[in-house]
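S.K.:
Numbering (full-length UniProt numbering), first residue to last: 1 to 376.
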């Protein structure tokens, strides 16, 4: 461990009074150690593995060769998209100064979420291969026993996670794309509410306004069960011929559930099993979708799956409040884009009133559904 620190810091013991030898976490690109600075403050040090950059070049070339072999032997399986995405993302993830910039950008972007905690970066002790940051402590977001011991409500956690990611995807178009449980911690705040700690800001999906708006419209068409609009918006994302399957991939639900209404049907283990059983027979179509869909959507699909996995573990999936938050963010995204083309104050005022009326109707509708579910 000290070898790894030494090749990044000339004299690490002049900077740190203590470095814990056992990593807090380790992955293929880096590992994280808890340390104490000379002034007594506790930090986390993310250290890139010594030969990972050179190894990644070899791995990418190997991937490319294998993808070509597979495509020749099995022409229906198209995996070049995976090679292209990996080639694009690996250099970004290996630049820890870029991760530091992402960290600061997200902290500023979501400063209105008082419950969102993002570690502060120590730039003086950071380079492209080492990142020194504030040490934040909590339990992993899928650790139900930790939540029970600390009296943390899983529904509060799920609601806040939904707010954050709906805002990221539909409103800001800047999405943390590695939300596995090790990167999202929870802790009880002094006020008694729950804080969410978001770690590892190396990989973000950036959606341009057109894609963000089309994706918002697609989600609203799925929630409204409007097949013609689903096809229209899928077409603009590059997968119009697969609109039904892509809508299932986006929502993580079966077509029957989409037709019945996601907000009125519960996501069960049975539906999850049915969904998984169908995947082998749809593999050709899925690989076609992944090869054709707008490149910006690939990380969003991955992010959706990881968030759904967390919600399923927390047993909070399919709640009406989640659909309401997401619907409102979609509406704000769409009206926000329309607002940019307004030529006068009157046009902006009228559009603002329409947006507020739409949001009010959404709230009434979901309140009605809530009452109906309670009564019946």
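Don't be surprised by glycine CBs; every beta carbon is placed ideally from N, CA and C.
1) State the start and end residues of the unbroken alpha helix (DSSP H) segment that holds residue 229.
2) Rounded to the nearest angstrom, what separates residue 225 and residue 317 at their Cα positions?
3) For residue 131 versus residue 93, is the C-beta distance shorter than 8 Å?
4) By how many angstroms is the C-alpha of residue 125 removed from the C-alpha of residue 34?
5) Quick check on the burial criterion: 16 or more other C-beta atoms within 10 angstroms. Buried or exposed for residue 195?
6) Pull up the distance between the alpha-carbon of residue 68 and that of residue 59, whole angstroms please.
7) Which residue marks the beginning of the alpha helix (DSSP H) containing residue 56, and which one marks its end?
8) Please return the same chain residues whose Cβ sits closer than 6 Å to the Cβ of residue 133, not counting the five positions on each side in sequence.
9) Determine contact between the segment 80-89 and the segment 276-296, defined as no fewer than three beta-carbon pairs at a distance below 8 Å.
10) If contact is defined by three or more beta carbon pairs under 8 Å, each pair taking one atom from either stretch, is the segment 328-335 in contact with the segment 207-221?
11) From the DSSP secondary-structure annotation, give me the bridge partner or partners of residue 36.
12) Which ranges does the alpha helix (DSSP H) cover as unbroken runs of at least 4 residues, wholly within the segment 298-341, from first to last along the chain?
13) Name, in chain order, the residues that DSSP records as bridge partners for residue 194.
14) Helix, strand or coil for residue 267? Go by DSSP, reduced to three states.
15) Exposed or buried, what is residue 311 when buried is set at 16 or more other beta-carbons lying within 10 Å of its beta-carbon?
16) For residue 241 and residue 235, I'd like the C-alpha separation in whole angstroms.
17) My guess is that residue 19 and residue 213 are in contact by the Cβ rule of under 8 Å, so how many angstroms apart are they, rounded?
18) Please go through the same chain and pick out, in chain order, the residues whose beta-carbon is closer than 6 Å to the beta-carbon of residue 3, but skip the five residues on each side of it.
19) Rounded to a whole number of angstroms, what is the C-alpha to C-alpha distance between residue 305 and residue 251?
20) How should residue 361 be labelled, buried or exposed, when 16 other C-beta atoms within 10 angstroms of its C-beta is the threshold for buried?
21) Return the chain-ordered list of same chain residues with a C-beta closer than 7 Å to the C-beta of residue 337, the five sequence neighbours on each side being excluded.
22) Taking the alpha-carbon positions, what's the residue 7 to residue 17 distance?
23) Are the Cβ atoms of residue 432 and residue 247 separated by less than 8 Å?
24) Starting from the Cα of residue 326, find the closest Cα among 357, 90 and 363 and give me that residue.
25) Have a look at 353, 201, 342 and 348 and flag the residue whose alpha-carbon is nearest the alpha-carbon of residue 106.
26) Residue 207 and residue 249: beta carbons closer than 8 Å?
27) Return the chain-ordered list of same chain residues with a C-beta closer than 8 Å to the C-beta of residue 53, the five sequence neighbours on each side being excluded.
28) Please report the distance separating the alpha-carbon of residue 86 from that of residue 203.
29) Since residue 322 and residue 162 are thought to touch, with beta carbons under 8 Å apart, how far apart are those beta carbons, to the nearest angstrom?
30) Relative to the C-alpha of residue 108, which residue among 168, 339 and 272 is closest?
31) Tell me whether the beta-carbon of residue 164 lies closer than 8 Å to the beta-carbon of residue 116.
32) Could you spell out where the alpha helix (DSSP H) holding residue 96 opens and where it closes?
33) Would residue 211 pass as a contact of residue 294 if the rule is Cβ separation under 8 Å?
34) For residue 117, which three-state DSSP category applies?
M.R.: In terms of the structure at hand:
1) 227-236
2) 19 Å
3) no
4) 14 Å
5) buried
6) 14 Å
7) 52-73
8) 44, 119 and 121
9) yes
10) yes
11) 18 and 42
12) 320-340
13) 188
14) coil
15) buried
16) 7 Å
17) Not confirmed; about 47 Å, so no contact.
18) Because the pLDDT of residue 3 is 47, which lies under 50, any placement of that residue in the model is unreliable, and the number read from its coordinates should be weighed accordingly. Here the set comprises nothing.
19) 9 Å
20) exposed
21) 209 and 213
22) Any reading at residue 7 needs caution, since the residue's pLDDT is 49, under 50, leaving its predicted position unreliable; the model's value is listed next. Between residue 7 and residue 17, the C-alpha separation is close to 18 Å.
23) Here the chain comprises residues numbered 1 to 376, so residue 432 is not present and cannot be evaluated.
24) 363
25) 201
26) no
27) 94
28) 11 Å
29) 5 Å
30) 168
31) yes
32) 96-109
33) yes
34) strand
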